[in-house]
Structures are given as C-alpha cells and as structure tokens.
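Read through the structure below, which is laid out as structure tokens, and then see the notes.
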Amino acid sequence: MLTLALDTATGVCTVGLVRDGRILAEYSVSNGLTHSEGLMPQLDQMFVRTGIKKEETDRIAVSIGPGSFTGLRIGLAAAEAMAYAWHCGICGVNTLEAMAYNIPVEGVTLAPVLDAQKGNFYTAFYAWKGGELQTLQPVEMVGADALLQQLQSFGTPVMLMGECHKLKQRVLPAGISVAPDPLRLPKASSVALAAEKMDALEGEGVFSLRPYYIRKSEAEELWDKRHPEEKKE
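The sequence shown begins at 12 in the numbering used here and counts up one residue at a time.
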C-alpha cells in the first residue's frame, strides 16, 4: 500500500511517501514560507524525484492537530482535495501521537509539545511497550509550570519533542532531555506509520475530517467576550 503523508501543524512542512512501512521519500522544509506557498510544490517535486504517479496513491495520511490553526486547515484541505481527485482513502492522525513514532524506543516517556500561545502548550505523554505505542496521558493544553511538574511525575527518563524551545530556556529537572532536531520535529513518515492501523475514509467521506483544535481561535474568544449573553445561551 502506498501512503502519501503530510504534516503542516507547525512551522515545518513535511511530506513523505511510504509503501508498506518502507520510506520511499521524505521532504521537510522550514524556510519561512507559508504552507499555502510551499506545500504543493514540495509534493510535486517529491513525486517527480521518485517517479511515482500521484494516482498510484492508495491513501493519504494527514496530521489534523493540535497545532497551528492555519497550518492545519491548509494541510487538511489539500489532503481532502487530493484524496477525492485521486479516488483514494484518507486518514486523520493526531499530531502529537504521530511525533511519538519518531522514537520507537522502550524505557522512556515521550513528551511531544506544541506551542498553544499565551504561555500554554499542547501536550500528551506516550511510551512504547512490546512494539506498541501506549498513551500515558491524553492530549491537553497546560501552562509551562504545570507541564514541568507533569514531566517529573514519571518513573522513567522523559524525552521532550516538538516546539519545546521555550521550555529549553528554563533549567530542566534531572531525567528530562530534549530530542535532537531530526527526531524532535514532525516527520511525515511518522504520520504514515501512525495511520497504518486506521480505517481510511473514502468517496464523499473524505470531506468529513475536522481539525483537532482543542481551544478556540483568538477571533472566537474575542467574539465570546463581546457577546457574553449569546455565549450563555
């Protein structure tokens, strides 16, 4: 099975082709361009370099959040359009869970984090056991102090991943380290691997996926503040 995977949840735009668990190609770019500018050229280049026709794609695996609201919308819209045009299936993958596939190693707690703005972080905790990824704590949004406390609650070494640069500015407690960049950042191949056991949506169903935002956008929060009476209703 040929899977096209993409992740635009962060400042990194990453795309990849994986066939039956084997990575054929993976392109990751963080050059300041918006994903709306870079995503499709990046995909086109990958297909040209591999000599694979787009229509050979069996399924598309796309990261659906949490993450950048704009980035998620761009990636999901592109994935849905391609799945519908190429008559292939589509799978929506949790961004944090996919990142845990970067480090399939037992004996360590994986802590992918993403910047949720205003001093908050999206996070979840995972661990590998018997070749399977286990969720130790589901996705939530927490402040930096609360997150650092959570990181110290596990009886194993903890590996921080993702957008943890703001946490790196602090003195991290013993037993907590930051993964090197090749493993810390989102990888399209990990999105594909995370989707392997998922059922794909097909046909008109490809348009039923929704971004996993967790929190409201700033525009929605501002609207609620200005219309408190309608919020109560």
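Using N, Cα and C, we set each Cβ at its ideal position, and we do this for glycine too.
Residue i - partner residues in DSSP beta bridges
| i | result |
| --- | --- |
| Leu171 | Ala122, Val189 |
| Trp139 | Glu117, Leu144 |
| Glu207 | According to DSSP, which records beta bridges pairwise, Glu207 is partnered with nothing at all. |
| Cys102 | Ala72 |
| Met152 | Tyr133 |
| Asp18 | Thr25 |
| Val40 | Cys24 |
| Arg60 | Answer by DSSP bridge pairing: none, since Arg60 is not bridged. |
| Leu159 | Paired residues: none, contrary to the question. |
Three-state secondary structure assigned by DSSP to residue i
| i | result |
| --- | --- |
| Ser74 | strand |
| Glu91 | helix |
| Phe246 | Because residue 246 is not part of the residues shown, which for the chain are 12 to 244, the question remains open. |
| Val182 | coil |
| Thr45 | coil |
| Glu213 | coil |
| Ile225 | coil |
| Val202 | helix |
| Val23 | coil |
| Leu83 | helix |
| Leu50 | helix |
| Leu35 | strand |
Of the residues the options, the one placed nearest residue i, counting alpha carbons only
| i | options | result |
| --- | --- | --- |
| Gly173 | Val59, Asp69, Met110, Val73 | Met110 |
| Val150 | Phe136, Gly142, Leu196 | Phe136 |
| Ala2 | Leu147, Tyr224, Leu178 | The requested residue 2 is not part of the displayed model; the chain covers only 12 to 244. |
| Leu13 | Ile75, Ala94, Leu171 | Ala94 |
| Pro191 | Leu204, Leu171, Gln180 | Leu171 |
| Gln148 | Gly142, Glu207, Tyr133 | Tyr133 |
| Pro222 | Ala88, Ser39, Pro52 | Ala88 |
| Ala168 | Asp69, Ala138, Val153 | One detail in the question is off: residue 168 reads as Pro in this sequence, not Ala. The candidate whose alpha carbon is nearest that of Pro168 is Ala138. |
| Leu194 | Arg70, Val116, Ala155 | Val116 |
| Gly100 | Ile225, Arg84, Gly142, Ala72 | Ala72 |
| Pro184 | Gln160, Trp97, Met57 | Gln160 |
| Leu28 | Arg70, Ala155, Gly166 | Arg70 |
Neighbour-count burial assignment, residue i, 16 or more Cβ in a 10 Å radius
| i | result |
| --- | --- |
| Ala16 | buried |
| Arg33 | exposed |
| Ser188 | exposed |
| Ser79 | buried |
| Thr81 | exposed |
| Thr120 | buried |
| Glu108 | buried |
| Val59 | exposed |
| Thr45 | exposed |
| Lys198 | buried |
| Gly18 | The sequence shown places Asp at residue 18, rather than the Gly named in the question. Answer is buried; the Cβ neighbour count reaches 16. |
| Gly22 | buried |
| Thr106 | buried |
| Asp210 | exposed |
| Pro52 | exposed |
Length of the line joining the Cα atoms of residue i and residue j
| i | j | result |
| --- | --- | --- |
| Ala92 | Val182 | 45 Å |
| Val26 | Ser200 | 8 Å |
| Gly86 | Lys64 | 20 Å |
| Gly118 | Glu215 | 42 Å |
| Arg30 | Cys24 | 20 Å |
| Ala230 | Ala20 | Low confidence applies here, because Ala230 scores a pLDDT of 47, under 50, leaving its location unreliable and the question unanswered by this model. |
| Ala90 | Lys140 | 31 Å |
| Leu35 | Lys129 | 39 Å |
| Leu204 | Leu144 | 11 Å |
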